[in-house]
Amino acid sequence: MIGNEAVARGLYDGGCAVISSYPGTPSTEITECFAKFDDAYCEWAPNEKVATESAFGASLRGKRSACCMKHVGLNVAADPLFTMSYTGVNGGMVICVADDPGMHSSQNEQDSRHYAVASKIPMLEPSDSQEAYDFARAAFEISEEFDTPVLLKMCTRVAHSQSIVETRDKACDVEKPYEKLPQKYIMSPANAIRRHPFVEERCRKIAEMSETSPLNRVEKGDGSRDFGVITSSTSYQYIKEVFGDSVSVLKLGIVNPLPEKLIKDFASSVSKVYVVEELDPVIESFCKNIGVDVEGKNLFSVTGEFSQKTIAKAFGLEDKENVSIDTEIPVRPPMMCSGCPHRGLFYVLAKNKLTVLGDIGCYTLGSAPPLNALDMTLCMGASVSGLHGFNVAGGKETEKKTVCVIGDSTFMHSGITGLVNVAYNMSNSTVIILDNSITGMTGHQQNPSTGYNIKGDPAGKVSLEKLCASIGINSVRVVDPYNLEECDRVVKEEIEKDEPSVIISRRPCVLLKYVKPKKPLSVNPDKCKACKRCMKFGCPSISFKDNHAVVDPTLCVGCGVCTQLCPFDAFEGGED
Amino acid sequence: MKTKNIMIVGVGGQGSLLASKLLGRLLVDEGYDVKVSEVHGMSQRGGSVVTYVRFGDKVYSPIIEDGEADCIVSFEKIEAARYLDKLKKGGTIVVNTQQIDPMPVIIGAAKYPEDVIERMEEKGVHVDYLDALKFANEAGSSKAVNIVLMGVLAKYFDIAYDKWIAAIEKCVKPQFVDINKKAFELGYNYTRS
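Read top to bottom, the protein sequences are chains X and F. Quick note on our numbering: the first sequence kicks off at 8 and runs consecutively. Quick note on our numbering: the second sequence kicks off at 2 and runs consecutively.
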């Protein structure tokens, strides 16, 4: 099973009764897999802060709980994280966080281990699916034994690699009684100041436990090489791939707090110590602080992900023989799908040469050629708040040339508060909500505006129109992004207005099962005048061959937007 | 047994996920230690996708590096060439000759290199190519390209035909089993003349 499924199984078999999460690659499948267990509660929350606090509430009530997120999600959840360290838990609580070294699907490459150190919360880091399962279970034990939430850190290669997992019997369900304990759970200054020493003492105790914990282990080398390696996570796999049993390895499963004596003893048993860790030198810095002489980031990069090749190169081993051809292969970047409703809206924005502040989701792909429709993408929700600041700074001239775009799920996540600021401080901002009725980029998760829950059952449905109106936005318009004329007209009207406004560009994601593709279109070569106007649209189904446009019938879903672009009516067919 | 490395490369949406699931199932049933690794997320939106399948007595790294792949199965004509660095000297490439233009080609910013197969052959790479889309349509669905290619790949494995079929039956939804069995058979019996 993939690492994420193993985490879900480990949490479930470890007695987890409640999971609340927000999707984010590469963490999403943990919660999706967990949703298949009918006797445990599972939900998508609007964002990671809400998810973490919901899981905390479940723990407070006495059940084992968890929340899952990607690394940048932990930024959103950092507020509860730091103070949950003080309150501790009642039922065990696990926070799963998945880093993305190499940024396969993320806007930055931050190292979540810093959060563990800063919040003084223990962190476990598995290196394959079996450990993902085992560590998820162990995390609950540690959580309850030491009265602390536990961070379980994944990374892309562990989360999305499949390997064999042996499961064990499910633990008995835990239900601890709820007790009113104001000094533990009300973090007013007077109480919190008494909890801080507890946190420090807890760190010391967990560090002591980690000295002998089976989650950390020394693998003695066969003696053919006399140096040793301290490593964790997927880096461990690369070390074993390159060196097999020839080196001694201290493989760390608990990456916070680190075991001082174990590291010192290991260091003294080998001629020299290398620390091999992706991203920041967290283990290396610790080693140096306790006076253990190691090499690490002088040989390995702090950017990107590693592989066996990275290791071999750093240790001066020879490259493997391969072949290459000198043909240049054109890049194949991800793009908006054929029939994607976002494309029509972006076409209109690009045509009007508007400055567009963007957000996180499939529509980030609107930045790519030929549309080149975006000016900024920062983090979840930043389009709306950023637009407000941009307009406040730029005044009238700017307001009439600038909009922002944000997806339905991202708007629910953290666009709402930005819109409240627009309404409250009355900037003449035009916010476009790209409502495709799903969380698209992470692979189709429901959200509070879709009307369905994680299991696909009917659920509460937030009306975007009513929500915007109740915030105080008087001008809320709905457009169909397949209708270019309508989009163009409404966008022009709304940016001219001297008041905040919202345009909801509404059409479901073309990949949703209930969206039935229509018949593909084709180009009548006699009508096509090779003006290439359709090529500015960036539809992957349309290409240019033998001096006229052609449609790939295996890709085209018959959305028909191209017929609105062609002045010669060359696109034919479609419908049904 | 020394670890064997298979790469499956293609364009997002072509069904490489099912192919890797099938391979993983088969190899686990054969008693190997197996690791299958792919990256989800952005790459699914029509981008280049790559899946690593590694099997042997004990597999550590989930990924395949330069000069390590025994075989690359490419769902699209130029994708194999993109990852050619990964192929071991003397390795095999299975190619579907279907052409899917990447965006830079569509908008005229780059040219689609038509002669990649010949170029790879010139360098002594063993390339086994076919129009898998044609065979998939013959089997009953253009979506069965993935299984046609698994049929071709199977010829390079020392695993009985029936075991592949058993793995297909385990991995494919019941209503699609017959189409996929047919697709596998067409790929398996294909010999480039």
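Ideal Cβ positions, reconstructed from N, Cα and C, are used throughout, including at glycine. Bear in mind the structure is a predicted one, so any value in this text is a computation, not a measurement.
Can you name the residues of chain F whose CB is closer than 9 Å to the CB of residue i?
| i | result |
| --- | --- |
| PRO108/X | The premise fails here: PRO108/X is roughly 12 Å from chain F at the closest Cβ pair, so nothing lies under 9 Å. |
| GLU335/X | ALA111, LYS112, PRO114 |
| VAL256/X | Those within 9 Å of VAL256/X in chain F number zero; the least Cβ separation is about 11 Å. |
| GLY545/X | MET104, ILE107, ILE108 |
| MET542/X | ILE107, ILE108, GLY109 |
Would you kindly work out how many angstroms separate the C-alpha atoms of residue i and residue j, rounded to a whole number?
| i | j | result |
| --- | --- | --- |
| LYS247/X | ALA168/F | 30 Å |
| ASP559/X | ALA140/F | 21 Å |
| ALA20/F | ASP533/X | 41 Å |
| VAL153/F | ASN190/F | 8 Å |
| MET542/X | SER113/X | 29 Å |
| LEU188/X | SER27/X | 24 Å |
| THR32/X | THR449/X | 6 Å |
| LEU394/X | TYR185/X | 45 Å |
| MET194/X | SER512/X | 43 Å |
| THR310/X | SER374/X | 24 Å |
| GLU493/X | ASN359/X | 14 Å |
| VAL106/F | THR561/X | 18 Å |
| GLY92/F | ALA82/F | 13 Å |
| LYS526/X | GLY580/X | 7 Å |
| TYR130/F | TYR162/F | 21 Å |
Apart from the five residues on each side of it in sequence, which residues of its chain come closer than 7 Å, Cβ to Cβ, to residue i?
| i | result |
| --- | --- |
| ASP20/X | ARG144, THR174, ARG175, LYS177, ALA178 |
| THR59/X | CYS74, ALA84, PRO87, LEU88, ILE102 |
| PHE397/X | LEU364, THR405, THR409 |
| LEU187/F | PHE136, GLU139, ALA140, VAL149, GLY152 |
| GLU501/X | THR437, SER482, ARG484, SER508, ILE510 |
| PHE578/X | LEU528, VAL530, CYS569, THR570 |
| MET91/X | PHE63, PRO156 |
Between residue i and the rest of its own chain, which residues show a CB-CB distance below 6 Å, the 5 nearest in sequence each way excluded?
| i | result |
| --- | --- |
| VAL60/F | THR4, ASP34, LYS36 |
| LEU265/X | PHE293 |
| ALA466/X | TYR459, ASN460 |
| ARG26/F | ALA168, LYS171, CYS172 |
| ILE101/F | VAL12, GLU77 |
Applying the 10 Å Cβ sphere with the 16-neighbour rule, what's the burial state of residue i?
| i | result |
| --- | --- |
| ALA110/F | exposed |
| ARG224/X | exposed |
| MET100/X | buried |
| CYS516/X | buried |
| ALA65/X | buried |
| LEU131/X | buried |
| ILE213/X | buried |
| CYS538/X | exposed |
| SER275/X | exposed |
| ASN181/F | buried |
| PRO348/X | buried |
| LYS316/X | buried |
For a contact meaning CB atoms closer than 8 Å, what does residue i contact in chain F?
| i | result |
| --- | --- |
| ALA375/X | MET104 |
| ASN329/X | ASP67, GLY68, LEU85, ASP86, LYS87, LEU88, LYS89, LYS90 |
Provide the residue(s) that pair with residue i in DSSP beta bridges, ordered along the chain.
| i | result |
| --- | --- |
| CYS494/X | DSSP lists no partner for CYS494/X. |
| SER292/X | Partner(s): none; SER292/X has no beta bridge. |
| HIS555/X | LYS552/X |
| TYR281/X | VAL236/X, GLU302/X |
| CYS72/F | ILE7/F, THR93/F |
| SER255/X | GLY235/X |
| LEU88/F | ALA70/F |
| SER72/X | VAL25/X, MET100/X |
| ASN263/X | MET130/X |
Find the residues of chain F that neighbour residue i, judging by a C-beta separation of less than 7 Å, and give them in chain order.
| i | result |
| --- | --- |
| THR163/X | VAL40 |
| LEU372/X | ARG46 |
| MET387/X | The premise fails here: MET387/X is roughly 15 Å from chain F at the closest Cβ pair, so nothing lies under 7 Å. |
| HIS167/X | SER38, GLU39, VAL40, HIS41 |
Using a Cβ cut-off of 7 Å, pull out every chain X residue sitting near residue i, in sequence order please.
| i | result |
| --- | --- |
| ALA82/F | ILE332, THR334, ILE336 |
| TYR61/F | GLN244, LYS247, GLU248 |
| MET121/F | ILE332 |
| ILE9/F | Per Cβ cutoff of 7 Å: no residues; ILE9/F is ~13 Å from chain X at best. |
| ASP132/F | Ordered by position in chain X, no residue passes the 7 Å Cβ test against ASP132/F, which lies about 13 Å from the chain. |
| ASP208/F | Chain F is shown only over 2 to 194; residue 208/F falls outside these bounds and no answer can be derived. |
Using the beta-carbon of each residue, which ones in chain X are nearer than 9 Å to residue i?
| i | result |
| --- | --- |
| SER143/F | THR561 |
| LYS135/F | Here the premise fails: no neighbours, minimum Cβ distance about 12 Å. |
| LYS124/F | VAL330, SER331, ILE332 |
Please list the partners that residue i has in chain X, where partner means a Cβ-to-Cβ separation under 8 Å.
| i | result |
| --- | --- |
| VAL29/F | ILE171 |
| VAL117/F | ILE332, THR334, ILE336 |
Got a sec: which bits of the region 311-326 of chain X sit with their beta carbon under 7 Å from any beta carbon on chain C, in order along the chain?
Within the model displayed, chain C is absent; protein chains X and F are what it includes.
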